[in-house]
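Chemist:
There are 2 protein chains.
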Amino acid sequence: MPKSDTHVTMRVVNHIRSMLETGELQPGDRIPPERELARKLRVSRASLRTGIGYLAAMGVMDVRHGVGTFVENGPPEIGKSSLGLLGALHGFQSWQMFETRRILESELAALAAERGGQQHLAAMSEEVAEMYATVEDPIEYLIHDVRFHRVIAQASGNPILAALMETITSALYDERRKTAERSRDLKQSADLHREIYRAIRSRDAGEARSVMERHLTMAQSAQDVEAAAPAPSPNGRRAKAGAGAGAGAGKKLSASK
Amino acid sequence: MPKSDTHVTMRVVNHIRSMLETGELQPGDRIPPERELARKLRVSRASLRTGIGYLAAMGVMDVRHGVGTFVENGPPEIGKSSLGLLGALHGFQSWQMFETRRILESELAALAAERGGQQHLAAMSEEVAEMYATVEDPIEYLIHDVRFHRVIAQASGNPILAALMETITSALYDERRKTAERSRDLKQSADLHREIYRAIRSRDAGEARSVMERHLTMAQSAQDVEAAAPAPSPNGRRAKAGAGAGAGAGKKLSASK
DNA sequence: TGCAGCGCAGAGGTCCGACCACTAGAATAC
DNA sequence: GTATTCTAGTGGTCGGACCTCTGCGCTGCA
Numbered sequence: 000m001p002k003s004d005t006h007v008t009m010r011v012v013n014h015i016r017s018m019l020e021t022g023e024l025q026p027g028d029r030i031p032p033e034r035e036l037a038r039k040l041r042v043s044r045a046s047l048r049t050g051i052g053y054l055a056a057m058g059v060m061d062v063r064h065g066v067g068t069f070v071e072n073g074p075p076e077i078g079k080s081s082l083g084l085l086g087a088l089h090g091f092q093s094w095q096m097f098e099t100r101r102i103l104e105s106e107l108a109a110l111a112a113e114r115g116g117q118q119h120l121a122a123m124s125e126e127v128a129e130m131y132a133t134v135e136d137p138i139e140y141l142i143h144d145v146r147f148h149r150v151i152a153q154a155s156g157n158p159i160l161a162a163l164m165e166t167i168t169s170a171l172y173d174e175r176r177k178t179a180e181r182s183r184d185l186k187q188s189a190d191l192h193r194e195i196y197r198a199i200r201s202r203d204a205g206e207a208r209s210v211m212e213r214h215l216t217m218a219q220s221a222q223d224v225e226a227a228a229p230a231p232s233p234n235g236r237r238a239k240a241g242a243g244a245g246a247g248a249g250k251k252l253s254a255s256k
Numbered sequence: 000m001p002k003s004d005t006h007v008t009m010r011v012v013n014h015i016r017s018m019l020e021t022g023e024l025q026p027g028d029r030i031p032p033e034r035e036l037a038r039k040l041r042v043s044r045a046s047l048r049t050g051i052g053y054l055a056a057m058g059v060m061d062v063r064h065g066v067g068t069f070v071e072n073g074p075p076e077i078g079k080s081s082l083g084l085l086g087a088l089h090g091f092q093s094w095q096m097f098e099t100r101r102i103l104e105s106e107l108a109a110l111a112a113e114r115g116g117q118q119h120l121a122a123m124s125e126e127v128a129e130m131y132a133t134v135e136d137p138i139e140y141l142i143h144d145v146r147f148h149r150v151i152a153q154a155s156g157n158p159i160l161a162a163l164m165e166t167i168t169s170a171l172y173d174e175r176r177k178t179a180e181r182s183r184d185l186k187q188s189a190d191l192h193r194e195i196y197r198a199i200r201s202r203d204a205g206e207a208r209s210v211m212e213r214h215l216t217m218a219q220s221a222q223d224v225e226a227a228a229p230a231p232s233p234n235g236r237r238a239k240a241g242a243g244a245g246a247g248a249g250k251k252l253s254a255s256k
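The listed protein sequences correspond, in order, to chains A and B. All residue numbers for the first sequence refer to numbering that gives the first Met the number 0, where the first residue is 0 and numbers rise by one. All residue numbers for the second sequence refer to numbering that gives the first Met the number 0, where the first residue is 0 and numbers rise by one.
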């Protein structure tokens, strides 16, 4: 962190922070224009922008060119866009991301079984049905797959865990999407999701956890196999394979919103 | 985030990013002075600083006033300083953080039991001994407590999980420190840590997981009690404000650097 | 009346050039 | 030899000009 409490830019961050804590600023709210706010806080516009940029980088603010700056409204995200950079820097491996995901989601499923409400169960059921309906369309299938897992995260009642899962998942998303196009056995995958749903519905936390773990373990090995296999000719994209000493982990994950 | 590929500031981020991926920049390396780099990239110094600020906010760069800008060298950190802001924004609850920590650390302990090396076991043993030696000094004890958990995280062999744990832990650190001063039963705590160590040493993943979970559950309830009972300063809101001129998220905790 | 298009106002994005503040190491004084 | 001061270099802040984007009211044609 390049800031301390003596830095001018920190004055901005602290100001916004306190406004957040006192509820003076609510999610979705718009903050005053930069020029105006800068005058009010007695800082230059440049410094103000530094502070806002810091907050934006952390997913607290949402800056829209030509429109204004708003307090982030969507679900919490923790370092979502940073994982790619960090991965390149520290050489995160694909298996480490999968392992993390497996752990998080397994516990998420267990918690969902304990705390999930009717609306969550209904949403899960819906997504499972959609998965069965799209077993022939990998792209569409993936959408419902992601949504299913997201509902579970919400059902867990722990937004922090949900945010962490979202972080990992989005980093893995690009790779998943590449292999998704040639996925097989979506029927089998849908069956597993259905099993997870049933375990959660019957409030069986242990079962939910173990089935989720089985599902993700299978998904990982499936993807490993498909990623290692030579990329099909019609698809120009090259599977990443094991690059030598380079960072072998998440490369390009979307940073746009 | 507020950037897309057309933005000038993104050119900076992408440039650094690619230098990271190709290994042209290594952790600890210093990047050229702002004025020079700005000229080289054909962007203004202001834009360059915006990009660097973005990277710094994510823990990729380390900017030191009067010295230079470096590629972060220490262990990976994911959104460490952001959790406080996000918490204020989305209203994270203390129990949610504890729950997350319990889950992460339990699995971390299990993985450490499976993969921990001799050096990790030695370090754990060391910290346990130090804990016993400082049962009368809560402040000192806490240092070794934190270090013990950190060693386990390293021993897990999964830097992503370790980084997530660090994120949660540092967010809890402030509260922990406050109650630490009036902690009792440190002997009992040390005993539990010793149990964890022994489980890991004997490669008993299940035992390590369950003891760790027990430890953290106890720690949570202990802190809840202590935080609720003696309230020197009655403020209705979450403990956070107060003391120093600058609150800020967890800062002085890192060991290396 | 309907609506496609123009144009303006306001917001963020970029740039410049000057100056301030901090750090580390060299130069100096004791 | 050690303590102090000076200085070069680097990030931090400033303010003010100008660019670009977005939203929306106004215009003008069908």
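Ideal Cβ positions, reconstructed from N, Cα and C, are used throughout, including at glycine.
When you compare the CB positions of B/Thr49 and A/Gly52, do they come within less than 7 Å of one another, or not?
Modeler: Cβ distance < 7 Å, so B/Thr49 and A/Gly52 count as in contact.
Chemist: Any idea if B/Asn157 is buried or exposed, counting beta-carbon neighbours within 10 angstroms, 16 or more meaning buried?
Modeler: Buried, since its Cβ has 16 or more Cβ neighbours within 10 Å.
Chemist: From B/Leu84 to B/Thr166, what distance separates their C-alpha atoms?
Modeler: Between B/Leu84 and B/Thr166, the C-alpha separation is close to 13 Å.
Chemist: Measuring straight from C-alpha to C-alpha, what distance separates B/Ser220 and A/Tyr172?
Modeler: Each residue's alpha carbon lies about 38 Å from the other.
Chemist: Kindly list, in the order they appear in chain A, the residues whose Cβ is closer than 7 Å to that of B/Arg16.
Modeler: Here the neighbours are Leu84, Ala87.
Chemist: How about A/Arg10 and A/Gly67: do their beta carbons lie closer than 7 Å?
Modeler: It is not a contact, given that the beta carbons lie outside the stated cut-off.
Chemist: Among residues of its own chain, excluding the 5 on either side of A/Gly235, which ones have a beta-carbon nearer than 6 Å to its beta-carbon?
Modeler: With a pLDDT of 34 at A/Gly235, under the threshold of 50, the modelled position of that residue is not reliable, and no figure is offered here.
Chemist: For a contact meaning CB atoms closer than 7 Å, what does B/Met78 contact in chain A?
Modeler: Correcting the residue type first, residue 78 of chain B is Gly in the shown sequence and not Met. Under the 7 Å cutoff, chain A gives Met57, Ile77, Gly78, Ser81.
Chemist: Quick check on this structure: which residue in B/Leu215, B/Met211, B/Asp223, B/Leu19 has the alpha carbon closest to the alpha carbon of B/Leu54?
Modeler: The residue with the shortest Cα to Cα distance from B/Leu54 is B/Leu19.
Chemist: Looking at A/Ile77 and B/Gly78, is the spacing between their C-beta atoms short of 7 Å?
Modeler: Cβ distance < 7 Å, so B/Gly78 and A/Ile77 count as in contact.
Chemist: Taking Cβ-Cβ distances shorter than 7 Å, what residues in chain B pair up with A/Pro32?
Modeler: In chain order: nothing, as chain B lies at least about 15 Å away.
Chemist: So, with DSSP's three-state summary, where would you put A/Val62?
Modeler: Note: A/Val62 maps to strand in three-state DSSP.
Chemist: Please compile the residues from chain B whose C-beta is within a distance smaller than 7 Å of the C-beta of A/Phe91.
Modeler: Simply Pro158, Ile159.
Chemist: Check the C-beta distance from A/Met211 over to A/Ile195 and give it rounded, since I have them as a contact under 8 Å.
Modeler: Right, their Cβ atoms sit about 6 Å apart.
Chemist: Compare the beta carbon distance of B/Ala122 and B/Ile151 with 7 Å and say whether it is the shorter of the two.
Modeler: Taking 7 Å as the Cβ cut-off, B/Ala122 and B/Ile151 do not qualify as a contacting pair.
Chemist: Determine the burial state of B/Thr21: buried for a count of at least 16 other Cβ atoms within 10 Å of its Cβ, exposed for fewer.
Modeler: The residue is exposed, with fewer than 16 neighbouring Cβ atoms inside 10 Å.
Chemist: What are the start and end residues of each continuous alpha helix (DSSP H) run of 4 or more residues lying completely inside the region 71-147 of chain B, in chain order?
Modeler: Complete alpha helix (DSSP H) runs here, min 4: 81-89, 93-114, 117-132.
Chemist: Is there a Cβ of chain B sitting closer than 7 Å to that of A/Ile102, yes or no?
Modeler: Output row for A/Ile102: interface = yes.
Chemist: Could you run through the region 42-56 of chain A and flag, in chain order, every residue whose CB is less than 8 Å away from some CB of chain B?
Modeler: For the region 42-56 of chain A, which is checked against every Cβ of chain B, the residues closer than 8 Å are Ala45, Arg48, Thr49, Gly52, Tyr53, Leu54, Ala55, Ala56.
Chemist: Is DSSP giving A/Thr5 helix, strand or coil here?
Modeler: If DSSP states are grouped into helix, strand and coil, A/Thr5 belongs with coil.
Chemist: Taking the Cβ atom as the reference point for each residue, do B/Ser46 and B/Val12 lie within a distance shorter than 7 Å?
Modeler: No; because the gap between Cβ atoms is not below 7 Å, this pair is not in contact.
Chemist: Counting only C-beta atoms, is B/Thr99 closer than 7 Å to chain A at any point?
Modeler: Answer yes: the Cβ-Cβ gap between B/Thr99 and chain A drops below 7 Å somewhere.
Chemist: I'd like to confirm something about A/Ser17: is its beta-carbon nearer than 6 Å to some heavy atom of the ligand MG, or not?
Modeler: Summarising the ligand content, the structure contains no ligands, and the ligand MG is consequently not present.
Chemist: Report yes if the C-beta distance between B/Met164 and B/Leu103 is below 7 Å; otherwise report no.
Modeler: Cβ atoms of B/Met164 and B/Leu103: closer than 7 Å.
Chemist: Against chain A, which members of the region 206-218 of chain B pass a CB distance test of less than 9 Å?
Modeler: Listed by position along the chain: nothing, the set is empty.
Chemist: Does DSSP put B/Arg34 in a helix, in a strand, or in coil?
Modeler: Correct three-state label for B/Arg34: helix.
Chemist: Can you tell me the Cα-Cα spacing of B/Trp94 and B/Arg101, whole angstroms?
Modeler: Computed Cα separation, rounded: 10 Å.
Chemist: Roughly how many angstroms lie between the CA atoms of B/Ser17 and B/Arg63, to the nearest whole one?
Modeler: Approximately 22 Å, taken between the alpha carbons.
Chemist: Can you list the residues of chain A that B/Gln95 reaches, using a CB-CB cut of under 9 Å?
Modeler: Those are Gly156, Asn157, Pro158, Ile159, Leu160, listed as they occur along chain A.
Chemist: I need the straight-line Cα distance from B/Gln153 to B/His89, nearest angstrom please.
Modeler: Roughly 30 Å separates the two Cα atoms.
Chemist: For B/Asp61, does the count of other Cβ atoms within 10 angstroms reach 16, so buried, or fall short, so exposed?
Modeler: By the neighbour-count rule (16 or more Cβ atoms within 10 Å), B/Asp61 is buried.
Chemist: What do you get for B/Ile15, buried or exposed, if any count of 16 or more other CB atoms within 10 angstroms of its CB means buried?
Modeler: Buried, since its Cβ has 16 or more Cβ neighbours within 10 Å.
Chemist: Near A/His143, what residues of its chain come up, given a Cβ to Cβ distance below 6 Å and the 5 sequence neighbours on each side ignored?
Modeler: So the qualifying residues of the chain are Glu126, Glu129, Met130.
Chemist: From B/Ala198, B/Gly65, B/Ser43, pick the residue whose C-alpha is nearest to that of B/Leu120; which is it?
Modeler: The residue with the shortest Cα to Cα distance from B/Leu120 is B/Ala198.
Chemist: Using 8 Å for Cβ pairs, my map puts B/Thr99 next to A/Leu160. What's the rounded Cβ distance?
Modeler: Yes, they are in contact, since the Cβ atoms of B/Thr99 and A/Leu160 sit about 5 Å apart, within 8 Å.
Chemist: Please determine, among B/Phe69, B/Arg200, B/Leu215, B/Arg208, the residue with the shortest C-alpha to C-alpha distance to B/Gln118.
Modeler: Of the listed residues, the one whose Cα sits closest to B/Gln118 is B/Arg200.
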